[in-house]
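**Q** Sharing a structure below in structure tokens format, with a few things to ask.
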Amino acid sequence: MGNVVSLGDANTADQKARTHRNASDRRIRVLFTVPHAVCVRSAEGHSCDSAAEFWAKRFAQVVPGSMILTADVPRAQRDENRPHEGPPTAFRRGIDDLVRGKRIDVVLDVHSFPAEQATHRNDVYVLEPIPRCHRSAAAKAKASAWNHSAHGFVRLLRRAGLVAAVFPNGACVNDIVVSARNAGVQAHLIEMSESLPRERTELVSLVPRDWLLSESPSEIVPPPPRGASAPRGADERRRR
Ligand SMILES: [Zn+2]
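Under the working numbering, the residues of the sequence shown are numbered 53 to 292, in order.
Here it is as structure tokens:
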């Protein structure tokens with residue numbers, strides 16, 4: 053079964069983040085999920101996301117109060133990022149409890165892809181679900197704001213020296229992100245290259261924290277329709 057580990061609270065080294073967060077009204081609670089963590093030796097091809105758990109842990113270490121849930125079955129046996137009939141696994145139940153109970157504000161579903169995957173020239177990409185994946189009223193109302201937020205995340209990755217992009221063609225079967233969104237919770241799927249330059253590790257580790265500090269994703273004001281002028285406060289928030 054998956055483990056809920058509150059790594060962020062144990063971390064006392066990052067006083068800067070803590071001070072920032074205390075100054076705001078409330079802390080943004082983040083859940084990192086790693087559905088494809090289990091590697092099996094015999095399987096051919098990309099049997100697991102070999103770098104995903106590493107990055108999820110690095111991110112969680114510097115995001116105060118964050119949690120990680122890691123799947124414990126190989127993808128070939130059961131893909132934990134797909135909808136399934138029947139009772140959920142402990143991993144999925146853990147996510148559902150946090151999401152439906154509104155005990156978290158943001159889900160970051162962390163994956164990794166092998167270097168030889170030539171279609172992905174990016175070091176990191178954020179895979180955003182296509183619009184029709186948003187079935188609930190809450191998800192439809194917030195989808196454009198979440199997408200806007202994904203672009204903010206990618207901007208910070210680029211600032212850390214990476215080639216990064218938002219891919220807007222995420223399938224609705226990416227069930228962790230899609231379920232969370234339809235429950236009204238902000239969620240993004242992050243794909244990390246398994247050959248990310250080591251010298252970037254420290255900088256890249258800080259990106260989710262800096263992203264959370266730069267905006268309050270659960271309260272983001274959606275971008276105005278074309279031609280309309282944004283309220284001053286909202287515009288200010290987005291530009292940061
Ligand atoms: Zn994956």
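C-beta atoms are modelled at their ideal positions from N, C-alpha and C, and glycine is treated no differently.
Please confirm whether THR108 and VAL162 have their CB atoms less than 7 Å apart.
**A** The sequence shown places Ala at residue 108, not Thr. In this structure, ALA108 lies near VAL162, with their beta-carbon atoms less than 7 Å apart.
**Q** Any heavy atom of ligand 1 inside 6 Å of the beta-carbon of HIS88?
**A** yes
**Q** Do VAL151 and ALA202 come within 7 Å of each other at the CB atom, strictly closer than that value?
**A** no
**Q** What's the C-alpha gap between ARG144 and CYS224?
**A** 17 Å
**Q** Quick check on DSSP: helix, strand or coil for THR253?
**A** helix
**Q** Of the choices PRO126, ASN221, LEU241, GLN129, whose alpha-carbon is the least far from that of ASP227?
**A** Measuring from the Cα of ASP227, the nearest candidate turns out to be LEU241.
**Q** Once the 5 residues before and after VAL90 are set aside, which same chain residues still bring their CB inside 8 Å of it?
**A** CYS100, ALA123, ASP124, VAL125, PRO126, ARG127
**Q** When the Cβ atoms of the region 204-215 are set against those of the region 175-193, are three or more pairs found closer than 8 Å?
**A** yes
**Q** Tell me whether ILE182 is buried or exposed, calling it buried when 16 or more other Cβ atoms sit within 10 Å of its Cβ.
**A** exposed
**Q** Using 8 Å as the cut-off, can you tell me whether the region 248-260 makes contact with the region 111-119, which would need three or more C-beta pairs spanning the two stretches below that distance?
**A** The region 248-260 vs the region 111-119: in contact.
**Q** Run the CB neighbour count on VAL92, radius 10 Å, all protein chains shown included, and call it buried at 16 or more, exposed below.
**A** exposed
**Q** How about LYS192: is its C-beta nearer than 7 Å to some C-beta of chain C?
**A** Absence of chain C from the displayed structure is noted, only one protein chain being present.
**Q** By Cβ distance below 6 Å, which residues in the same chain neighbour VAL256 in space, the five residues on each side in sequence not counted?
**A** ALA212
**Q** Could you give the first and the last residue of the continuous alpha helix (DSSP H) run that contains LEU241?
**A** No alpha helix (DSSP H) contains LEU241, which is instead part of the beta strand (DSSP E) from 238-245.
**Q** Return yes when at least one heavy atom of ligand 1 lies under 6 Å from the C-beta of ASP161, else no.
**A** no
**Q** Measuring straight from C-alpha to C-alpha, what distance separates ALA136 and VAL230?
**A** Per the sequence shown, the amino acid found at residue 136 is His instead of Ala. Whole-angstrom Cα-Cα distance: 14 Å.
**Q** For ligand 1, is there any heavy atom lying closer than 6 Å to the beta carbon of ASP148?
**A** Incorrect: ASP148 has no Cβ contact closer than 6 Å to ligand 1.
**Q** Whose C-alpha, out of VAL215, GLY236, ASN174, is nearest the C-alpha of SER196?
**A** GLY236
**Q** Name the two residues that bound the continuous beta strand (DSSP E) containing PRO181.
**A** Its beta strand (DSSP E) spans residues 176-181.
**Q** If the criterion is Cβ atoms closer than 7 Å, does the pair ARG184 and ASN234 meet it?
**A** no
**Q** Return yes when at least one heavy atom of ligand 1 lies under 6 Å from the C-beta of ASP124, else no.
**A** no
**Q** Using CA coordinates, which residue listed in LEU214, VAL218, GLU267 is at the minimum distance from PRO249?
**A** LEU214
**Q** Given that a residue counts as buried once 16 or more other Cβ atoms are within 10 Å of its Cβ, and exposed if not, what is GLN129?
**A** exposed
**Q** Find the nearest neighbour of PHE106 within the set SER266, ILE80, GLU254, ARG134, judged by alpha-carbon distance.
**A** Residue GLU254 is the option with its Cα nearest to PHE106.
**Q** Leaving aside the five residues before and after ASN199 along the sequence, list all residues of the same chain whose C-beta is less than 7 Å from its C-beta, in chain order.
**A** GLU180
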